[in-house]
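K.L.:
All letters in the sequence shown, in the order written, are residues 1 to 576 by UniProt numbering. Here a beta-carbon is modelled for each residue, glycine too, at the ideal position from N, C-alpha and C.
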Amino acid sequence: MKLYQTLEKQIKKEPNYVSDNGEIKKWVVLNKAQNFDEELIGLLLEDSDLKDKFFVKVKDIWVFKQNLFIQFLEQKNYLNDSYTQFKNKVGLTIDGKHLKQRNEVSLVWPFKDCVLEGGQSREEDKREEIFFNEILAQDEITELLDPKVLTNAKRFDESGEKALCHSDHREESLFNRNENGTITDNLIIKGNNLLALHSLKKEFAGKVKLIYIDPPYNTGSDSFNYNDRFNHSSWLTFMKNRLDIAKSLLTDDGSILVQADWNEIHYLKVLLDSVFNRENFRNEIIWAYHGPGSPKMKQYNRKHDNILWYSKSTSDWIFNGDEVRMSSEVHVGGFNNEMNANVSSEYTDRGKIPEDWWEMGRDKEEFVEEMSNLYDEYEKIKNKNWWKMAVAARIRVDGKKRSGYLTEKPYKLIERFIKAHTNKNDIILDFFAGSGTTGFVSNYLERQFILIEQLENTHKIIKDRFEGMNYTYLELKKYNQTFIEKIEEAKNEETLLQIWEEMKAKSFLNYNVDIQKQEKYIEDFKKLSLQEQKQHLCELLDKNQLYVNLSSLNDGNFECTPEEQKVTKAFYQLKK
Numbered sequence: 001m002k003l004y005q006t007l008e009k010q011i012k013k014e015p016n017y018v019s020d021n022g023e024i025k026k027w028v029v030l031n032k033a034q035n036f037d038e039e040l041i042g043l044l045l046e047d048s049d050l051k052d053k054f055f056v057k058v059k060d061i062w063v064f065k066q067n068l069f070i071q072f073l074e075q076k077n078y079l080n081d082s083y084t085q086f087k088n089k090v091g092l093t094i095d096g097k098h099l100k101q102r103n104e105v106s107l108v109w110p111f112k113d114c115v116l117e118g119g120q121s122r123e124e125d126k127r128e129e130i131f132f133n134e135i136l137a138q139d140e141i142t143e144l145l146d147p148k149v150l151t152n153a154k155r156f157d158e159s160g161e162k163a164l165c166h167s168d169h170r171e172e173s174l175f176n177r178n179e180n181g182t183i184t185d186n187l188i189i190k191g192n193n194l195l196a197l198h199s200l201k202k203e204f205a206g207k208v209k210l211i212y213i214d215p216p217y218n219t220g221s222d223s224f225n226y227n228d229r230f231n232h233s234s235w236l237t238f239m240k241n242r243l244d245i246a247k248s249l250l251t252d253d254g255s256i257l258v259q260a261d262w263n264e265i266h267y268l269k270v271l272l273d274s275v276f277n278r279e280n281f282r283n284e285i286i287w288a289y290h291g292p293g294s295p296k297m298k299q300y301n302r303k304h305d306n307i308l309w310y311s312k313s314t315s316d317w318i319f320n321g322d323e324v325r326m327s328s329e330v331h332v333g334g335f336n337n338e339m340n341a342n343v344s345s346e347y348t349d350r351g352k353i354p355e356d357w358w359e360m361g362r363d364k365e366e367f368v369e370e371m372s373n374l375y376d377e378y379e380k381i382k383n384k385n386w387w388k389m390a391v392a393a394r395i396r397v398d399g400k401k402r403s404g405y406l407t408e409k410p411y412k413l414i415e416r417f418i419k420a421h422t423n424k425n426d427i428i429l430d431f432f433a434g435s436g437t438t439g440f441v442s443n444y445l446e447r448q449f450i451l452i453e454q455l456e457n458t459h460k461i462i463k464d465r466f467e468g469m470n471y472t473y474l475e476l477k478k479y480n481q482t483f484i485e486k487i488e489e490a491k492n493e494e495t496l497l498q499i500w501e502e503m504k505a506k507s508f509l510n511y512n513v514d515i516q517k518q519e520k521y522i523e524d525f526k527k528l529s530l531q532e533q534k535q536h537l538c539e540l541l542d543k544n545q546l547y548v549n550l551s552s553l554n555d556g557n558f559e560c561t562p563e564e565q566k567v568t569k570a571f572y573q574l575k576k
């Protein structure tokens, strides 16, 4: 049931709020809301969906979100869907104008008013951002952020990989839980991280001790393995949506560490002040990693990233100071060279973590030879007047090699954070998991981890890297997301037209898509570039149905298997 329908049904229980023709007296309800009417608030609290939407829990007291409720009730059109940008004659319209003509995204700054779904299935995918405006599409956002059905559940351990659920398995035995009923399994979840975070809320709200994330930096660079082509306000929206839900997962003494570079760190600080409160800002950690700049450089060389630390509480947080003290430096052959965390077990007092190589003059070639006495693999590269010594194997203190993932963070950097902000068996969350370093180190330090990642190639890296480790793998069950991936992979117009036929028969299209008009202008569609054709077909899909909602678990239209039903019920602890 749509949220507005739920609200309408609940309000109509009070005759004074209903006109003679059966319509809600909106002005009466608005007046009651503005005056925090006890009767109205009581009605809203009776329904769990309305309670979750229009109230926030503060120390066991439910506080009415008056402004949000009034904004919702004042909307002109309760069924407006998400914004889309159409470039052809069949573009969707609102109030008779094409969305491109209305230019809503720039008129309504999305920092406060929008949910940015965001995401991708392949690292080379740079598709446009997708917006859901909270004021104009409250119902749709409620569906978008519903918990999702889980699929392809597997358990990994020292013996290898096996299905989590078989027909003879009892639901209560699928996940290990502690005395409080909290899942104690390490979890890796594949799917859009915004939607996965909302799916975790029911089971892990208030239970995560540390969140560490290294999100896309809004650099516009093709070298980053995420869709980083956000404009500034889009990136802030992308982050705000995820930080809002992440905060609800933290324990009262929990902390969050967010890493960024100079592109967005100053704006990110203001955003984090807004979400976590300025008084909960604890520190800024500088991770320095670059050596000297090139003589030909035209500006100061980028030498560090910033990591912002916030606690959830103003007065209570964990900081194990003894775990972060470092005292020794590495001295080799008379040269004071600070070794990278991949090959050294210690930092310097300054905490500097350089790159995987040192630059030196020809006369210091012997330094390379001396390094071979310490490390089992190395190579030297002659480049003009410089020698670069690279530790090829990149050996860690645990004997494991690095994954080669472009943005992977040094083991020791993550280890230091985890030791400082958590204790054994605490839960650590990373929802930009990448190559899985956070989970790898958490497991080594006997902490429980939850990783969320969407890119297929990184899951292959994680699987290889985590060989022999114990964890449970889950995926959000796709629906319209399947069509988006087919569209992305299409190589020609013929394939896209076949996908369109399948979409008409099986997908959920936006409510205001006129299929007859799409067919009428099919020749215009064929005149578009392949990229424009892909974009248009993606925009026709209802993004609220990217994945199968939990409420549709038993809906035959979504074809959830008995195993999917059993795993999903077990995860959310649903009654049969």
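Use the C-beta contact count for G556: other C-beta atoms within 10 angstroms, 16 or more gives buried, fewer gives exposed.
P.N.:
Here residue 556 refers to the residue found at position 556 when the sequence shown is read from its first residue. Exposed: under 16 other Cβ atoms inside 10 Å.
K.L.:
Can you give me the Cβ contacts of H459 inside the same chain, cut-off strictly under 7 Å, excluding the 5 residues immediately before and after it?
P.N.:
Taking the first residue of the sequence shown as 1, we reach residue 459 at position 459. Taken in chain order, the residues that qualify are K190, E453.
K.L.:
Opposite R465 in the DSSP bridges: which residues?
P.N.:
The count along the sequence shown starts at 1 and reaches residue 465 at position 465. Beta-bridge pairing links R465 to no other residue.
K.L.:
Tell me whether Q481 is buried or exposed, calling it buried when 16 or more other Cβ atoms sit within 10 Å of its Cβ.
P.N.:
The residue labelled residue 481 in the question sits at position 481 within the sequence shown. Its Cβ being crowded by 16 or more others within 10 Å, Q481 is buried.
K.L.:
Mind checking whether D244 and V270 have CB atoms under 8 Å apart?
P.N.:
Locating residue 244 in the sequence shown gives position 244, counting from the first residue. Locating residue 270 in the sequence shown gives position 270, counting from the first residue. Against a cut-off of 8 Å, the Cβ pair of V270 and D244 comes out as no contact.
K.L.:
Would you check if the segment 200-209 and the segment 176-189 touch, i.e. whether three or more CB-CB distances between them fall below 8 Å?
P.N.:
Yes, since at least three Cβ pairs between the segment 176-189 and the segment 200-209 fall closer than 8 Å, the two stretches touch.
K.L.:
Measuring alpha carbon to alpha carbon, tell me which of F431, E38, F69, N470 ends up nearest E14.
P.N.:
Indexing the sequence shown from 1 puts residue 14 at position 14. Checking every option, the nearest Cα to that of E14 belongs to E38.
K.L.:
Put N88 into one of helix, strand or coil per three-state DSSP.
P.N.:
On the sequence shown, position 88 is the one that residue 88 refers to. With a pLDDT of 35 at N88, under the threshold of 50, the modelled position of this residue cannot be trusted, and the question is left open.
K.L.:
How about L210 and H536: are their beta carbons less than 8 Å apart?
P.N.:
Mapped onto the sequence shown, residue 210 falls at position 210. Mapped onto the sequence shown, residue 536 falls at position 536. Not closer than 8 Å, so no.
K.L.:
Is the distance from the Cβ of L541 to the Cβ of L497 below 8 Å?
P.N.:
Counted from its first residue, the sequence shown places residue 541 at position 541. Counted from its first residue, the sequence shown places residue 497 at position 497. Contact: no.
K.L.:
Which residues in the same chain have their Cβ closer than 6 Å to the Cβ of S19, if we skip the five residues on either side of it in sequence?
P.N.:
Looking up residue 19 in the sequence shown gives position 19. Only K25 meet the Cβ criterion.
K.L.:
If we require 4 or more residues per run, which alpha helix (DSSP H) segments fall completely within the segment 442-503?
P.N.:
456-465, 480-489
K.L.:
In chain order, what residues of the same chain lie with their CB nearer than 8 Å to the CB of N193, ignoring the 5 residues before and after it?
P.N.:
Counted from its first residue, the sequence shown places residue 193 at position 193. So the list reads G119, R242, F431, F432, I452, E453, Q454, once near-sequence residues are dropped.
K.L.:
From D157 to M469, what does the alpha carbon distance come to, in whole angstroms?
P.N.:
Sequence index remark: in the sequence shown, residue 157 carries index 157 (1-based). Sequence index remark: in the sequence shown, residue 469 carries index 469 (1-based). CA-CA distance, D157 to M469, rounds to 5 Å.
K.L.:
Only counting the same chain, and skipping five residues up and downstream in sequence, which positions put a Cβ closer than 7 Å to that of T151?
P.N.:
Taking the sequence shown and counting its residues from 1, the one referred to as residue 151 is at position 151. Excluding residues within five positions, the ones whose Cβ falls inside 7 Å are E475, K477, E564.
K.L.:
Buried or exposed for R278, going by 16 or more other Cβ atoms inside 10 Å?
P.N.:
Within the sequence shown, the letter at position 278 stands for residue 278. With fewer than 16 other Cβ atoms from the protein chains shown falling within 10 Å of its own Cβ, R278 counts as exposed.
K.L.:
Does DSSP classify I547 as helix, strand or coil?
P.N.:
Stepping through the sequence shown from its first residue, residue 547 is reached at position 547. The residue asked about is misnamed: residue 547 is Tyr in this sequence, not Ile. Strand.
K.L.:
Give a yes or no on whether the C-beta atoms belonging to V149 and T437 are separated by under 8 Å.
P.N.:
One-based indexing of the sequence shown puts residue 149 at position 149. One-based indexing of the sequence shown puts residue 437 at position 437. The answer is no: Cβ separation not under 8 Å.
K.L.:
Buried or exposed, going by whether 16 or more other CB atoms sit within 10 Å of the CB of L550?
P.N.:
Locating residue 550 in the sequence shown gives position 550, where the first residue counts as 1. L550 should be labelled buried.
K.L.:
What's the gap between the Cα of K520 and the Cα of F558?
P.N.:
Taking the first residue of the sequence shown as 1, we reach residue 520 at position 520. Taking the first residue of the sequence shown as 1, we reach residue 558 at position 558. Approximately 30 Å between the Cα atoms of the pair.
K.L.:
Let's test the definition: count the other Cβ atoms within 10 Å of the Cβ of H166 and tell me whether it reaches 16, buried, or not, exposed.
P.N.:
Within the sequence shown, numbered from 1, the residue matching residue 166 stands at position 166. Burial call: exposed.
K.L.:
Take N263 as the anchor and find which of W235, Q518, E446 has the nearest alpha-carbon.
P.N.:
On the sequence shown, residue 263 is found 263 positions in, with the first residue counted as 1. Looking at the Cα atoms, W235 is the closest of the given residues.
K.L.:
How would you label N492, buried or exposed, when you count the other beta carbons within 10 angstroms and need 16 or more for buried?
P.N.:
For the purposes of this step, residue 492 is identified with residue 492 of the sequence shown, where counting begins at 1. Exposed, because fewer than 16 other Cβ atoms sit within 10 Å of the Cβ of N492.
K.L.:
Taking just the CA atoms, how far does L308 sit from P216?
P.N.:
As a working note, residue 216 is residue 216 in the sequence shown. As a working note, residue 308 is residue 308 in the sequence shown. Taking the straight line joining both Cα atoms gives about 15 Å.
K.L.:
Leaving out five residues on either side along the sequence, give the residues of the same chain with a beta carbon under 6 Å from the beta carbon of V258.
P.N.:
One-based indexing of the sequence shown puts residue 258 at position 258. Within the same chain, V258 has close Cβ partners I213, L308.
K.L.:
In the DSSP assignment, the beta strand (DSSP E) including V63 goes from what residue to what residue?
P.N.:
Numbered from 1 along the sequence shown, position 63 holds the residue referred to as residue 63. Where V63 is concerned, the enclosing beta strand (DSSP E) stretches over 61-64.
K.L.:
Quick check: the Cα distance between F36 and L250, rounded to an integer number of angstroms?
P.N.:
Counted from its first residue, the sequence shown places residue 36 at position 36. Counted from its first residue, the sequence shown places residue 250 at position 250. Roughly 30 Å between the two C-alpha positions.
K.L.:
Using CA atoms only, rank isn't needed, just tell me which of Y572, K566, K575 is closest to L164.
P.N.:
Residue 164 sits at position 164 when you count from the first residue of the sequence shown. Taking only the C-alpha atoms, the option nearest L164 is K566.
K.L.:
Can you grab the Cα-Cα spacing for the pair A570 / D185, in whole Å?
P.N.:
As a working mapping, residue 570 is identified with position 570 in the sequence shown. As a working mapping, residue 185 is identified with position 185 in the sequence shown. Straight through space, the alpha carbons of D185 and A570 are spaced by roughly 13 Å.
K.L.:
Can you give me the Cβ contacts of T314 inside the same chain, cut-off strictly under 8 Å, excluding the 5 residues immediately before and after it?
P.N.:
Your numbering for residue 314 matches position 314 in the sequence shown. If we look at T314 and ignore the five residues flanking it on each side, its Cβ neighbours are N277, E279, N280.
K.L.:
Is K419 closer than 8 Å to N544 when the C-beta atoms are compared?
P.N.:
Reading the sequence shown from its first residue, position 544 is the one you call residue 544. Reading the sequence shown from its first residue, position 419 is the one you call residue 419. No, the Cβ-Cβ distance between N544 and K419 is not below 8 Å.
K.L.:
Could you pull out every residue in the same chain whose Cβ sits closer than 6 Å to the Cβ of K463, ignoring the five residues on either side in sequence?
P.N.:
Your numbering for residue 463 matches position 463 in the sequence shown. Cβ neighbours of K463 beyond the five flanking positions: none.
K.L.:
What span of residues does the beta strand (DSSP E) with H304 cover, start to end?
P.N.:
On the sequence shown, residue 304 is found 304 positions in, with the first residue counted as 1. Run containing H304: 304-311, per the beta strand (DSSP E) assignment.
K.L.:
Residue range of the alpha helix (DSSP H) that D524 falls in?
P.N.:
Stepping through the sequence shown from its first residue, residue 524 is reached at position 524. Per DSSP, D524 belongs to the alpha helix (DSSP H) from 522-527.
K.L.:
Among the candidates A260, E489, G254, E456, whose CA atom is the shortest distance from the CA of Y310?
P.N.:
Counting from 1 along the sequence shown, the entry for residue 310 is found at position 310. If you compare the alpha carbons of A260, E489, G254, E456 with that of Y310, the shortest gap goes to G254.
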